[in-house]
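Here the structure is laid out as structure tokens; the discussion comes afterwards.
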Amino acid sequence: MLSPAPTDSPSTPDPGLLELFVGFLSVAMVAFGGVLPIARRALVERYRWLTPDEFTEAIGLSQFLPGPNIVNLAVVVGARFRGVPGAVAAVLGLTVVPAVGVVLAGVVFTRYADIGAVSSMLAGLAAAAAGLVISMALRMAEPLWRRPRVHTALIALAAFTGVAVLQWSLPMVILALAPVSIGLSWWAERRKGR
Numbered sequence: 002m003l004s005p006a007p008t009d010s011p012s013t014p015d016p017g018l019l020e021l022f023v024g025f026l027s028v029a030m031v032a033f034g035g036v037l038p039i040a041r042r043a044l045v046e047r048y049r050w051l052t053p054d055e056f057t058e059a060i061g062l063s064q065f066l067p068g069p070n071i072v073n074l075a076v077v078v079g080a081r082f083r084g085v086p087g088a089v090a091a092v093l094g095l096t097v098v099p100a101v102g103v104v105l106a107g108v109v110f111t112r113y114a115d116i117g118a119v120s121s122m123l124a125g126l127a128a129a130a131a132g133l134v135i136s137m138a139l140r141m142a143e144p145l146w147r148r149p150r151v152h153t154a155l156i157a158l159a160a161f162t163g164v165a166v167l168q169w170s171l172p173m174v175i176l177a178l179a180p181v182s183i184g185l186s187w188w189a190e191r192r193k194g195r
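Quick note on this note's numbering: the sequence shown kicks off at 2 and runs consecutively.
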């Protein structure tokens with residue numbers, strides 16, 4: 002679980018409400034389709050609000066909660082740094098301007114949907130978004146590669162199999178694997194301590 006932001010660490014800036022709003026607004030303004038890879042780049046590399054491990058933890062929590070992952074991530078990050086006001090600032094930054102854009106795009110799309118170029122453009126955007134998601138998945142797995150453990154690989158394989166092959170819902174897979182993962186990690190740490 003994400004711990005509160007350390008107050009004495011120079012490597013983790015403590016963003017204010019305006020910084021959270023603008024930070025998530027900047028993510029929303031450049032994210033067309035594949036927002037999570039862009040959020041990772043912003044939160045981990047650009048602003049350095051989270052470490053790669055913290056981002057992976059936050060995404061795991063965000064995927065477990067109901068609702069859009071990126072909105073949940075904004076709530077988690079905003080609340081970590083500034084409590085409820087931070088969560089509100091991050092979510093508003095993420096959603097207000099893009100919501101207006103989506104409404105306008107919807108109006109334009111309904112008017113010009115029959116044009117072949119519009120359909121081709123949307124297919125191209127979908128392919129680009131898929132590439133961004135694959136890129137983010139590889140970057141999120143990086144902390145796992147740095148500390149390779151057999152039980153971690155087995156949990157990842159089981160999660161992939163449950164979601165991609167068996168087509169189980171993500172919350173069901175997480176509920177099934179979380180106790181196993183926690184137990185195996187506890188066992189491995191205890192064994193390492195001997």
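For glycine and all other residues, C-beta sits at the position ideal for the given N, C-alpha and C.
How far does the alpha helix (DSSP H) with Q64 in it reach, from first residue to last? P53 to F65
- Start and end residues, alpha helix (DSSP H) containing P38: V36 to R41
Alpha-carbon spacing of W50 relative to N70, whole angstroms:
18 Å
Considering Cα atoms alone, identify which of A75, T52, D54 and L105 is closest to S63.
A75
Three-state secondary structure (DSSP) of Y48: coil
* Taking all protein chains shown into account, do 16 or more other C-beta atoms lie within 10 angstroms of the C-beta of L105, making it buried, or fewer, making it exposed? -> exposed
With DSSP run on the structure shown, which of helix, strand or coil describes L21?
helix
Suppose contacts are defined by Cβ-Cβ distances below 7 Å. Is F26 in contact with G79 by that definition? The question names Phe, but residue 26 in the sequence shown is Leu. Not a contact, by the Cβ cut-off of 7 Å.
Rounded separation between V108 and A114 - CA only: 10 Å
Query raised in the report: Cα separation between V92 and G24?
Result: 11 Å
If you reduce the DSSP assignment to three classes, tell me which class G68 lands in. coil
Going by beta carbon distance, what residues of the same chain come within less than 6 Å of T153, once the five residues before and after it are set aside?
L145
| said: Can you find the residues in the same chain that come closer than 7 Å, C-beta to C-beta, to A189, ignoring five residues on each side of it along the sequence? | reply: R150 and H152
**Prompt:** Hey, how far is the Cα of V181 from the Cα of T52?
**Reply:** 25 Å
Check: Taking the C-alpha atoms as reference points, what is the distance between R192 and F65?
Finding: 29 Å
| message | I need the DSSP call for I183, collapsed to helix, strand or coil. | response | helix
Check your understanding: On the premise that V72 lies in contact with L95, defined as a C-beta separation below 8 Å, what is that separation, rounded to the nearest angstrom?
Key -> 7 Å
Quick one, which of V31, A165, L19 and E46 has its alpha-carbon nearest R140's? E46
For this session: Would you mind sorting G87 into buried or exposed? The rule is 16 or more other CB atoms within 10 Å of its CB.
Result: buried
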